[in-house]
Amino acid sequence: MELPPLSVPATTVNRKDRLPEEYVSDEEDFLGYEEEDFHGYEDEPTMYEDACNNDEDASEPSDECDSIQEESDDVEEEQSSGGPRRSNRVNKGVPPERYSATSKFACPQPVEPRSYKEATTGAESAKWIAAMKDELVSHEENKTWNLVKLPPGKKAIGCRWIYKRKLDEHGRLSSYKARLVAQGHSQRFGLDYDEVFAPVAKQVTFRTLLTIASRRNMLVKHVDVKTAYLNGDLKETVYMKLPPGVAAEPDEVCLLRKSLYGLKQSAHMWNRKLDETLRQMGFTPADADPCLYVRRRGKNVAYILVYVDDMLVCTSSLEEYDDILETLNSNFQMTALGDVKQFLGIQVTRTKTGYCLNQQAYINRMVASFGMDQAKGSRIPMDPGYIQQKEEAERLPNNDKYQSLVGGLLYVSVHTRPDIGISASILGRRVSNPTVADWTEAKRTLRYLKATSGLQLQLGGGCGELEGFADADWAGNVSDRKSNSGFLFRLGGGIISWCARKQPCVSLSSTEAEYISLSESCQELMWLKKLMRDFGEPVKKPVCIFEDNQSCIKQLSQTSGKRSKHIDTKYHFVKDLHERKLIDVIYCPSEDMLADILTKPLSRVKLETLRDRIGLRSARDEEE
Numbered sequence: 087m088e089l090p091p092l093s094v095p096a097t098t099v100n101r102k103d104r105l106p107e108e109y110v111s112d113e114e115d116f117l118g119y120e121e122e123d124f125h126g127y128e129d130e131p132t133m134y135e136d137a138c139n140n141d142e143d144a145s146e147p148s149d150e151c152d153s154i155q156e157e158s159d160d161v162e163e164e165q166s167s168g169g170p171r172r173s174n175r176v177n178k179g180v181p182p183e184r185y186s187a188t189s190k191f192a193c194p195q196p197v198e199p200r201s202y203k204e205a206t207t208g209a210e211s212a213k214w215i216a217a218m219k220d221e222l223v224s225h226e227e228n229k230t231w232n233l234v235k236l237p238p239g240k241k242a243i244g245c246r247w248i249y250k251r252k253l254d255e256h257g258r259l260s261s262y263k264a265r266l267v268a269q270g271h272s273q274r275f276g277l278d279y280d281e282v283f284a285p286v287a288k289q290v291t292f293r294t295l296l297t298i299a300s301r302r303n304m305l306v307k308h309v310d311v312k313t314a315y316l317n318g319d320l321k322e323t324v325y326m327k328l329p330p331g332v333a334a335e336p337d338e339v340c341l342l343r344k345s346l347y348g349l350k351q352s353a354h355m356w357n358r359k360l361d362e363t364l365r366q367m368g369f370t371p372a373d374a375d376p377c378l379y380v381r382r383r384g385k386n387v388a389y390i391l392v393y394v395d396d397m398l399v400c401t402s403s404l405e406e407y408d409d410i411l412e413t414l415n416s417n418f419q420m421t422a423l424g425d426v427k428q429f430l431g432i433q434v435t436r437t438k439t440g441y442c443l444n445q446q447a448y449i450n451r452m453v454a455s456f457g458m459d460q461a462k463g464s465r466i467p468m469d470p471g472y473i474q475q476k477e478e479a480e481r482l483p484n485n486d487k488y489q490s491l492v493g494g495l496l497y498v499s500v501h502t503r504p505d506i507g508i509s510a511s512i513l514g515r516r517v518s519n520p521t522v523a524d525w526t527e528a529k530r531t532l533r534y535l536k537a538t539s540g541l542q543l544q545l546g547g548g549c550g551e552l553e554g555f556a557d558a559d560w561a562g563n564v565s566d567r568k569s570n571s572g573f574l575f576r577l578g579g580g581i582i583s584w585c586a587r588k589q590p591c592v593s594l595s596s597t598e599a600e601y602i603s604l605s606e607s608c609q610e611l612m613w614l615k616k617l618m619r620d621f622g623e624p625v626k627k628p629v630c631i632f633e634d635n636q637s638c639i640k641q642l643s644q645t646s647g648k649r650s651k652h653i654d655t656k657y658h659f660v661k662d663l664h665e666r667k668l669i670d671v672i673y674c675p676s677e678d679m680l681a682d683i684l685t686k687p688l689s690r691v692k693l694e695t696l697r698d699r700i701g702l703r704s705a706r707d708e709e710e
């Protein structure tokens, strides 16, 4: 399996050969400008003439034209004193100072090769070739395929190389990665694949794990499985064409023995293989999240959180961690990354009181990708009056960029930034047919992230109990008059779960809107209690949920009347939880309602106040 040697041909192209002959002008001598009008050699109007004559009805020339005229007269006098001379400018070839702010946009950012040919003939070909060789060595060690003749009547799927520059937690280049990917889009269900489902860890589980680990002073280590998908055993018979760069007989193909990236069933096969291995090690999957594995041996407890090929190993001692890593290494090729510093693009920082999460590197890359490096930051993620505006008629001609931007905003809001949760939710409702106003607000949210990229979500490590906040913005959507729900839950003083969404039905009163939001928060609470049991954490009864609507609280102890009889039955299960004393709904003033930040766009002062209270602070504030 040898890759061909690098060969970069070079050639010189004549300038006139680049364009058709009719587009190439003849060389002429420049004779200067005429005195009266700013015309070229063939009376072609110039940019100066257009600038002076942009208002035909103007009675007096503008100051700009006067300055140009005076400057031109000076040039004419200088040129008339002698013949043509060579320029002696000392700044020849240096861009003007006025272009310094935008000059970097003229230099494209390095992009990954899109094909095998680009990778082997580009400026970084040596590094990409080394990465491809490393990938092929992994396939050879795992015995991923056998070279065979393609049987009659069988069809081989294609494959290609995918190239990626890997970045560290600070956004700096760390390595070059080449991945061989099968073109699974040509697979046929029932013949080439069957089951495809594979779970991934929930972000709430990730934040809860860090909170409990900080509370118990446990170690949290990050490990990675090298070429994870190659460890899955493939039960279907799949033929694949030879990868680019692999030498073999012309009529030979690859009979796959192991799962490969790109196959539809690869994730399922890898997850099943890992599950079997962890169960043999004494771990069992949690009831609340199948990607959280728990092992209890006496007083010692260990947790493993799995997200495809990334794992967090949480133990009470270094010896137990070494034992787990050694066992994993005997089954897979593991890379020990030490204390967790980055997980799924999230920067993780250990502090005296717990952990801090932020996505500054991801935000900076998103800002650069949309060309907003020089944009002015915003103090708020969304104009409070935007949601009250009637729908604009002017549509975006192409919504691809809008969808891409909103996708990035949703990713950030779900992981580390609840302060933009409602903004991302509102913008996400309009991805199918956005307007110019929607695009403007999406860019405002990005400018807000740019200005506040240093904010960190502080997870608690104290002994605080699980508690929730639920709120609603009644009829906040002008288009359909549906309400927005928002809730969050805190553990140990830091928030571990939050949600901002539009309610599925129209509420006839603010009480009904608050009641629906309270019901949705209780659904999340039931799952959180199950997750806490998996971690072995006691949950006091009842769990406190704070609500700022008195009528909603009274509704829990009253029978349905004429004003509430229409409320759907599914929302009344919160009343059952209250009667069983599983929850205790407590009134809190509206100014203390933390979930208000998740229901509607807020003014700057209130936004900053609630943002600080939910634990979104800068690193400097944490040190102080």
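If you're matching positions, the sequence shown starts at 87 in this note's numbering and goes up one per residue. Note that CB positions come from ideal geometry on N, CA and C, so glycine has one too. In this text, all values refer to a predicted model and were calculated from it rather than measured experimentally.
Bounding residues of the beta strand (DSSP E) (the contiguous stretch that carries residue i)
i: isoleucine 233; result: The sequence as given places leucine at residue 233; isoleucine does not occur at that position. That run of the beta strand (DSSP E) goes 231 to 235.
i: serine 261; result: 259 to 268
i: valine 339; result: 338 to 342
i: asparagine 450; result: Where asparagine 450 is concerned, there is no enclosing beta strand (DSSP E), although the alpha helix (DSSP H) it sits in stretches over 446 to 455.
i: arginine 301; result: Taken as a continuous stretch (DSSP letters only), arginine 301 belongs to no beta strand (DSSP E), being part of the alpha helix (DSSP H) at 289 to 302.
Per DSSP, cross-strand counterpart(s) of residue i
i: serine 704; result: Leu541
i: isoleucine 432; result: Phe429
i: histidine 308; result: Leu398
i: cysteine 763; result: This structure does not reach residue 763, given that the chain is present from 87 up to 710, and the question cannot be answered.
i: proline 371; result: Tyr379
i: tyrosine 673; result: Glu633
i: isoleucine 215; result: Beta-bridge pairing links isoleucine 215 to no other residue.
i: cysteine 638; result: According to DSSP, which records beta bridges pairwise, cysteine 638 is partnered with nothing at all.
i: lysine 252; result: Ser261
i: tyrosine 325; result: Leu341
i: leucine 443; result: Val434 and Leu543
i: tryptophan 613; result: For tryptophan 613, which the question treats as bridged, DSSP gives no partner whatsoever.
Where the alpha helix (DSSP H) through residue i begins and ends
i: valine 492; result: 486 to 501
i: lysine 203; result: 202 to 207
i: leucine 693; result: 690 to 699
i: lysine 661; result: 659 to 665
i: arginine 481; result: Run containing arginine 481: none; DSSP gives neither H nor E here.
i: threonine 363; result: 352 to 366
i: isoleucine 466; result: Looking at the DSSP string, isoleucine 466 is not in any alpha helix (DSSP H), and its letter there is neither H nor E.
i: isoleucine 512; result: 507 to 514
Among the options, nearest to residue i - alpha-carbon criterion
i: histidine 225; options: Leu604, Tyr249, Gln419 and Ile653; result: Gln419
i: methionine 77; options: Gly244, Ile243 and Arg690; result: Absent from the structure is residue 77, since the part of the chain shown begins at 87 and ends at 710.
i: proline 423; options: Lys615, His658, Lys312 and Asp566; result: For clarity, residue 423 is leucine in the given sequence; the question names proline instead. The candidate whose alpha carbon is nearest that of leucine 423 is Lys312.
i: isoleucine 390; options: Leu360, Asn417 and Gly384; result: Leu360
i: lysine 350; options: Val324, Ser595, Glu338 and Val339; result: Val324
i: isoleucine 669; options: Leu642, Ala705 and Leu482; result: Leu642
i: asparagine 415; options: Lys385, Ile449 and Leu364; result: Leu364
i: glutamine 758; options: Gly579, Tyr657, Gln433 and Ser650; result: No information on residue 758 is available, as it lies outside the stretch 87 to 710 that the chain covers here.
i: aspartate 373; options: Ala287, Thr695, Ile639 and Val492; result: Ala287
i: glutamine 489; options: Trp525, Asp409, Pro199 and Gly579; result: Trp525
i: alanine 523; options: Arg567, Thr538, Gln474 and Gly494; result: Gln474
i: serine 565; options: Thr538, Tyr472, Val492 and Gly540; result: Tyr472
i: glycine 318; options: Lys327, Glu338 and Met355; result: Met355
i: valine 394; options: Ser676, Tyr315 and Gln445; result: Tyr315
i: cysteine 549; options: Lys529, Ser201 and Gly578; result: Gly578
i: arginine 666; options: His652, Cys674 and Pro628; result: Pro628
i: serine 593; options: Lys235, Lys568, Ile449 and Glu198; result: Lys568
Touching by the beta-carbon criterion (3+ pairs, under 8 Å), the region 397 to 415 and the region 505 to 521: no
Which parts of the region 517 to 599 are runs of the beta strand (DSSP E), unbroken and 3 residues or longer, counting only runs that do not cross its ends? 541 to 545, 553 to 559, 570 to 577 and 580 to 588
Please give the ranges of any beta strand (DSSP E) in the region 377 to 423, keeping only runs that are unbroken, at least 3 residues long and fully inside the region. 378 to 383, 386 to 393 and 396 to 401
Using a Cβ distance threshold of 8 Å, determine whether the region 301 to 310 contacts the region 327 to 336, with at least three qualifying pairs required. no
Examine the Cβ distances between the region 473 to 489 and the region 546 to 556 and report whether three or more of them are shorter than 8 Å. no
Mind the definition here: the region 596 to 613 touches the region 566 to 580 only if three or more C-beta pairs lie below 8 Å; say whether that holds. yes
Can you find at least 3 beta carbon pairs, one from the region 521 to 534 and one from the region 450 to 461, that sit closer than 8 Å? yes
For the region 619 to 638 and the region 582 to 589, state whether three or more C-beta atom pairs, one from each stretch, are separated by less than 8 Å. no
Count the CB pairs spanning the region 558 to 568 and the region 609 to 624 that are closer than 8 Å, and state whether there are at least three. no
Assess, as a yes-or-no matter, whether the region 243 to 258 is touched by the region 283 to 295 under the definition of 3 or more beta carbon pairs within less than 8 Å. no
Three or more beta-carbon pairs under 8 Å between the region 250 to 260 and the region 341 to 350, yes or no? no
With contact counted as at least three CB pairs below 8 Å, one residue from each stretch, are the region 493 to 510 and the region 679 to 689 in contact? yes
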